[in-house]
């Protein structure tokens with residue numbers, strides 16, 4: 015039998031710290047470029063030096079290990095520098111969600127206990143109003159694009175660029191345990207008070223490697239390569255822009271950061287820099303494809319992953335028709351976030367267009383090191399197959415350990431030693447995850463369950479439908495019935511009725527794709543659908559609005575902005591926008 019002395023432990027394995035992600039690109043791609051909005055262009059060598067200078071600045075401002083440093087900025091080279099410098103000091107990077115309400119932003123900064131805030135001038139008015147209620151904040155730094163400080167009541171420690179220029183180059187970053195917390199951000203609060211999600215150095219490094227392997231090893235329909243040009247279309251405050259900036263930096267990729275998302279600017283950057291890899295929620299892709307300038311774009315270089323919400327087949331087909339290579343992906347704030355992507359297996363590379371469309375719009379195939387199963391209401395594992403839908407639960411080395419300063423919620427998240435997603439799903443016989451719905455969004459009709467996502471996917475394929483959201487509304491006869499909010503494409507307003515859409519759904523019912531009681535769907539044609547701070551459809555707000563419409567308060571009656579709901583039997587005039 016081997017003894018302990020047969021396996022000596024004289025060596026000391028290095029810790030999985032974020033600064034290890036910089037070792038290879040420092041030597042591999044020193045002259046590669048990082049570009050901000052065509053305002054600033056840096057080589058990787060200059061970027062590494064700026065990370066070191068930023069470490070000096072933060073140290074001089076009093077940042078110590080464990081301190082939280084909040085960043086209030088658009089997507090920028092500065093944000094990328096903070097992705098590295100702050101956690102490499104042993105401090106915690108708080109990526110402040112700039113699209114939350116002022117009250118929610120106040121809560122997140124208070125709850126995080128941020129010591130330093132780095133603030134873009136666009137957010138000076140917001141922070142000016144909050145600072146009196148933020149006793150933990152000891153200093154603020156201005157993140158200006160051109161070095162000009164606007165008038166503000168914020169007591170600034172200085173301008174970011176000026177402070178960096180005054181700081182020395184070179185910094186000896188400390189070593190510490192790999193389980194040290196590195197980042198913190200807050201969920202968007204669509205289900206209540208925002209929750210703080212945090213990740214350690216080890217988790218971020220393993221996510222970079224595991225998700226990176228999943229994104230780079232398989233080429234169809236989307237594969238990330240080191241020679242791609244990367245531009246995020248997911249905010250950097252949202253789950254580290256899905257963690258891709260860490261991977262792009264590790265690979266030494268050319269990176270473009272667009273600042274505030276302005277459609278014409280995004281299209282210009284994609285065209286000018288020949289952007290070939292990005293990721294976003296469905297609404298961002300819809301916005302770009304329906305912009306007037308889209309028609310003159312050459313989209314053939316672009317590969318894009320859609321997440322945050324399900325990728326509807328209608329939107330996927332639009333992207334394909336434009337020459338874009340697209341696929342769905344899945345993750346959550348709590349999963350760092352990448353869990354699965356919809357790569358196509360080798361045996362399906364020559365499949366029919368219909369088969370390929372089905373595959374690339376599935377929730378996804380788990381990336382390496384992810385375990386995914388569906389469980390019954392009593393948390394028992396379910397076998398594969400559509401008849402065995404249950405809550406999706408996960409294990410992976412990079413899933414959050416819990417919610418910041420929320421013991422009870424953390425225990426509930428991990429109540430069975432698996433992370434509970436709150437998603438209703440099954441694992442199909444080919445190994446792909448198929449999410450049917452959020453558990454709270456499933457519609458109960460006469461004792462049977464219908465998926466809002468499946469209805470949305472079907473309706474999205476109608477040529478007149480630009481965007482759609484489906485929720486359940488109370489019904490005296492059926493318990494609930496589906497309600498669809500529909501935005502029509504230009505030129506179709508006033509031309510489509512609820513009866514037309516029900517007729518369209520019959521094709522899916524006949525093929526067994528959706529439940530026959532989808533014919534009970536009521537429709538409202540609207541000009542907009544409420545979104546969360548990260549661009550997802552906000553069904554909580556939609557439900558609250560419809561409840562107010564259906565049951566107005568005597569003191570404050572509510573009128574729907576886009577006309578009454580239309581049933582299939584409604585006369586044509588009832589289906590038109592108000």
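In the working numbering, the protein residues as written are 15 to 592.
From the three backbone atoms N, C-alpha and C, an ideal C-beta is built for every residue, glycine too.
These numbers were taken from a predicted model, which means no experiment stands behind them.
- Scanning its chain for C-beta atoms nearer than 7 Å, with the 5 sequence neighbours on each side dropped, one finds around residue 363 the residues 234, in chain order.
- Runs of the beta strand (DSSP E) spanning 3 or more residues and lying entirely within the segment 471 to 544 occur at 479 to 489, 493 to 502 and 536 to 539, in chain order.
- Counting C-beta atoms within 10 angstroms of its own C-beta, residue 66 has 16 or more neighbours from the protein chains shown and is therefore classed as buried.
- Burial state of residue 42 is exposed, judged by a 10 Å Cβ sphere holding fewer than 16 other Cβ atoms.
- Per DSSP, the beta-bridge partners of residue 197 are 107 and 213.
- Its chain contains 238, 242, 244 and 317 as the residues whose beta carbon lies nearer than 6 Å to that of residue 291, once the 5 sequence neighbours on both sides are disregarded; these appear in chain order.
- For residue 47, the uninterrupted beta strand (DSSP E) run begins and ends at 47 to 50, by DSSP.
- Around the C-beta of residue 385, fewer than 16 other C-beta atoms lie within 10 Å, and the residue is accordingly described as exposed.
- Out of 473, 548, 337 and 507, the CA that lies nearest to the CA of residue 517 is found in 473.
- In this structure, the alpha-carbon of residue 255 lies about 18 Å from that of residue 283.
- For residue 318, the secondary structure class from DSSP, reduced to helix, strand or coil, is strand.
- Assignment of residue 350 by DSSP, reduced to helix, strand and coil, places it in the coil class.
- In the DSSP annotation of this structure, the continuous segment of the beta strand (DSSP E) that includes residue 458 starts and ends at 457 to 459.
- In the structure shown, the three-state DSSP call for residue 342 is strand.
- A buried status is given to residue 125, since no fewer than 16 other beta-carbon atoms sit within 10 Å of its beta-carbon.
- With a cutoff of 8 Å on beta-carbon distance, residue 457 and residue 416 are scored as not near each other.
- DSSP places residue 260 within a helical segment (H, G or I) once states are collapsed to three.
- Taking a contact to require three or more Cβ pairs closer than 8 Å, the segment 367 to 382 and the segment 266 to 280 do not qualify as touching.
- The DSSP-derived three-state label of residue 42 is helix.
- Taking the CA atoms as reference points, residue 341 sits about 29 Å from residue 215.
- Burial state of residue 252 is buried, judged by a 10 Å Cβ sphere holding 16 or more other Cβ atoms.
- In this model, residue 343 and residue 140 are separated by some 34 Å (Cα to Cα).
- The alpha carbon of residue 325 has as its nearest neighbour, out of 448, 387, 121 and 264, the alpha carbon of 448.
- A Cβ-Cβ distance of about 6 Å is found for the pair residue 92 and residue 174, placing them in contact under the 8 Å criterion.
- Scanning its chain for C-beta atoms nearer than 8 Å, with the 5 sequence neighbours on each side dropped, one finds around residue 420 the residues 209 and 210, in chain order.
- Assignment of residue 305 by DSSP, reduced to helix, strand and coil, places it in the coil class.
- As the crow flies, the alpha-carbon of residue 153 is around 9 Å from that of residue 132.
- Taking the Cα of residue 306 as reference, the smallest distance to any Cα among 503, 455 and 387 is reached at 503.
- Here residue 155 has 71, 75, 130, 131, 132, 133, 170, 171, 172, 173, 174 and 177 as same chain residues with Cβ atoms under 8 Å from its own Cβ, once five neighbours each way along the sequence are excluded.
- Around the beta carbon of residue 263, a 10 Å sphere encloses 16 or more other beta carbons of the protein chains shown; the residue is thus reported as buried.
- Rounded to whole angstroms, the gap between the alpha carbons of residue 441 and residue 88 is 37 Å.
- Residue 509 counts as exposed, since fewer than 16 other beta carbons sit within 10 angstroms of its beta carbon.
- When only Cα atoms are considered, residue 104 and residue 345 end up about 27 Å apart.
- In its chain, beyond the 5 residues on either side, 30 have a beta carbon closer than 6 Å to the beta carbon of residue 219.
- DSSP places residue 360 in the helix class (H, G or I) of the three-state scheme.
- For residue 97, the uninterrupted alpha helix (DSSP H) segment begins and ends at 91 to 102.
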